[in-house]
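One structure is given below, encoded as structure tokens.
In the numbering used here, the protein residues as written are 1083 to 1384.
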């Protein structure tokens, strides 16, 4: 009897475990999959605004260089929290890459975007409202990413762009060594197209211990300058001169008939003044000629 009870308890435990596994599998199947907002063939060109000790696909880059990315494929990535929760599946871009017009990579995860986090990386992202909600939840969990002590974190979903800032430092002491690393990440992504407008990444690592002190740092800042994706670039802000010219053109367009009439009146008035001026000038010349003739006649005498 006792053996039967034990067997029943064991069967119940196994059944419970199977139920938990099945439930977790069912929940995992309900995790959303987010697709890129752009399709194959989309491209984006970036200017390197800053660069230090940074290579892109094996090529060192410097300020003023141009990087062009063209979407040629995708692969599936995961947005997973540091404690192992799968938030969503997400498409990750594979790109052909050009540096100053020279092709340097084909059908590959695009550097330097892919050196930051697992998940949505690259110049092209999904862009649905649901994606931004889950992405924010995922980044919120990433405050503990790589064991960093977060010094600044923001995930702002604005009217037309999403801004992500994540800065942190970490200190580790394996055996007799002290390892310090620092990470700074800033991105601005167009909310509707998923195209990255601005990307800045900085990483520094230093090691100190018995007989050794070493350190290195790398950084890069990219700014979107042109793209095939309509609406991805922010609208250029107008200068005061552009606004003034626009106002004048609009004014001229709205009041064109009255301006024509006013111009005609001014032209007629100018013509009248010109005629009167000519008449006065002619009378003055006639008087001067008469005086000269009289003077000549008096000098000649009888």
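Glycine included, C-beta positions come from ideal geometry on N, C-alpha and C. Remember, it's a predicted structure, so these values are computed and weren't measured experimentally.
Give a yes or no on contact between the region 1148 to 1155 and the region 1178 to 1193, applying the rule of three or more CB pairs nearer than 8 Å.
Yes, since at least three Cβ pairs between the region 1148 to 1155 and the region 1178 to 1193 fall closer than 8 Å, the two stretches touch.
Residue range of the beta strand (DSSP E) that residue 1178 falls in?
Here residue 1178 refers to the residue found at position 96 of the chain shown. 1168 to 1181 is the span of the beta strand (DSSP E), which, as asked, contains residue 1178.
Taking the alpha carbon of residue 1195 as the reference point, which residue from 1184, 1208, 1174, 1343 has its own alpha carbon closest?
Taking the chain shown and counting its residues from 1, one reaches residue 1195 at position 113. Nearest option by C-alpha distance: 1174.
Consult DSSP for residue 1261 and reduce its assignment to one of helix, strand or coil.
Walking along the chain shown from the start, residue 1261 turns up at place 179. For residue 1261, the secondary structure class from DSSP, reduced to helix, strand or coil, is strand.
Run through DSSP, which three-state label would residue 1135 get?
As a working mapping, residue 1135 is identified with position 53 in the chain shown. DSSP, read as helix, strand or coil, puts residue 1135 in coil.
Would you kindly check if the distance between the Cβ of residue 1122 and the Cβ of residue 1153 is under 8 Å?
Along the chain shown, read from residue 1 onward, the residue named residue 1153 stands at position 71. Along the chain shown, read from residue 1 onward, the residue named residue 1122 stands at position 40. Yes, the Cβ-Cβ distance between residue 1153 and residue 1122 is below 8 Å.
According to DSSP, is residue 1211 part of a helix, a strand, or is it coil?
Taking the chain shown and counting its residues from 1, one reaches residue 1211 at position 129. Note: residue 1211 maps to helix in three-state DSSP.
Using three-state DSSP, classify residue 1315 as helix, strand or coil.
In the chain shown, counting from the first residue as 1, residue 1315 sits at position 233. If DSSP states are grouped into helix, strand and coil, residue 1315 belongs with coil.
Mapping DSSP to helix, strand and coil, what is residue 1230?
The residue you call residue 1230 lines up with position 148 of the chain shown. DSSP places residue 1230 in the coil class of the three-state scheme, outside both helix and strand.
Would you please state the rounded distance, in angstroms, between the beta carbons of residue 1204 and residue 1258? I believe it to be under 8 Å.
Position 122 of the chain shown, counted from the start, is the residue given in the question as residue 1204. Position 176 of the chain shown, counted from the start, is the residue given in the question as residue 1258. For residue 1204 against residue 1258, the beta-carbon gap comes to about 40 Å, at or over 8 Å, which does not count as contact.
Are the beta-carbon atoms belonging to residue 1059 and residue 1276 less than 8 Å from one another?
The first residue shown for the chain is 1083 and the last is 1384, placing residue 1059 beyond what the model contains.
Tell me the rounded alpha-carbon separation between residue 1240 and residue 1279.
Position 158 of the chain shown, counted from the start, is the residue given in the question as residue 1240. Position 197 of the chain shown, counted from the start, is the residue given in the question as residue 1279. One alpha carbon belongs to residue 1240, the other to residue 1279, and they sit about 14 Å apart.
When the Cα of residue 1254 is compared with those of 1245, 1189, 1264, 1247, which residue comes out closest?
In the chain shown, residue 1254 corresponds to position 172, counting from 1. Checked all of 1245, 1189, 1264, 1247; the closest Cα to residue 1254 is 1264.
Taking all protein chains shown into account, do 16 or more other C-beta atoms lie within 10 angstroms of the C-beta of residue 1309, making it buried, or fewer, making it exposed?
Mapped onto the chain shown, residue 1309 falls at position 227. Buried.
Is residue 1134 closer than 8 Å to residue 1298 when the C-beta atoms are compared?
Counting from one through the chain shown, the residue named residue 1298 turns up at place 216. Counting from one through the chain shown, the residue named residue 1134 turns up at place 52. Remark: C-beta atoms of residue 1298 and residue 1134 do not approach each other more closely than 8 Å.
8 Å Cβ cutoff met for residue 1288 and residue 1262:
Counting from one through the chain shown, the residue named residue 1288 turns up at place 206. Counting from one through the chain shown, the residue named residue 1262 turns up at place 180. In this structure, residue 1262 lies closer than 8 Å to residue 1288 by Cβ.
Residue 1096, DSSP secondary structure in three states:
The residue labelled residue 1096 in the question sits at position 14 within the chain shown. In this predicted model, residue 1096 has a pLDDT of only 42, less than 50, meaning its place in the structure is not dependable; the value taken from the coordinates is given anyway. Helix.
Quick one: is residue 1250 buried, meaning 16 or more other Cβ sit within 10 Å of its Cβ, or exposed?
Mapped onto the chain shown, residue 1250 falls at position 168. For residue 1250, the number of other beta carbons within 10 angstroms of its own is at least 16, and it is reported as buried.
For residue 1296, collect the residues of the same chain with a Cβ closer than 6 Å to its Cβ; drop the 5 residues on either side in sequence, then sort them by chain order.
On the chain shown, position 214 is the one that residue 1296 refers to. These residues qualify, in order along the chain: 1289.
Measure the C-alpha to C-alpha separation of residue 1315 and residue 1140 and round it to an integer number of angstroms.
What you label residue 1315 is simply residue 233 of the chain shown in a count that begins at 1. What you label residue 1140 is simply residue 58 of the chain shown in a count that begins at 1. Answer to the nearest angstrom: the Cα atoms are 28 Å apart.
Beta carbon of residue 1270, beta carbon of residue 1127: below 8 Å?
Here residue 1270 is taken as the residue at index 188 of the chain shown, counted from 1. Here residue 1127 is taken as the residue at index 45 of the chain shown, counted from 1. No, these two residues do not count as a Cβ contact at 8 Å.
For residue 1176, which option in 1169, 1142, 1193, 1285 has the closest C-alpha, if you only look at C-alpha atoms?
Locating residue 1176 in the chain shown gives position 94, where the first residue counts as 1. It is 1193.
Residue 1213 to residue 1155, Cα distance in whole Å?
Here residue 1213 is taken as the residue at index 131 of the chain shown, counted from 1. Here residue 1155 is taken as the residue at index 73 of the chain shown, counted from 1. Their backbone Cα atoms lie some 20 Å apart in a straight line.
Using the DSSP secondary-structure output, state which residues sit across from residue 1195 in a beta bridge.
Residue numbering aside, residue 1195 sits at position 113 when the chain shown is read from its first letter. According to DSSP, which records beta bridges pairwise, residue 1195 is partnered with nothing at all.
Simplified DSSP state of residue 1164, which is helix, strand or coil
In the chain shown, the residue the question calls residue 1164 occupies position 82. In this structure, residue 1164 counts as coil in the three-state DSSP scheme.
Thinking just about the alpha-carbon of each residue, which of 1115, 1143, 1191 is nearest to the one in residue 1206?
Taking the first residue of the chain shown as position 1, residue 1206 is located at position 124. The shortest C-alpha separation from residue 1206 is found at 1191.
Where the beta strand (DSSP E) containing residue 1240 begins and where it ends
Mapped onto the chain shown, residue 1240 falls at position 158. Element bounds for residue 1240: n/a, residue is neither H nor E.
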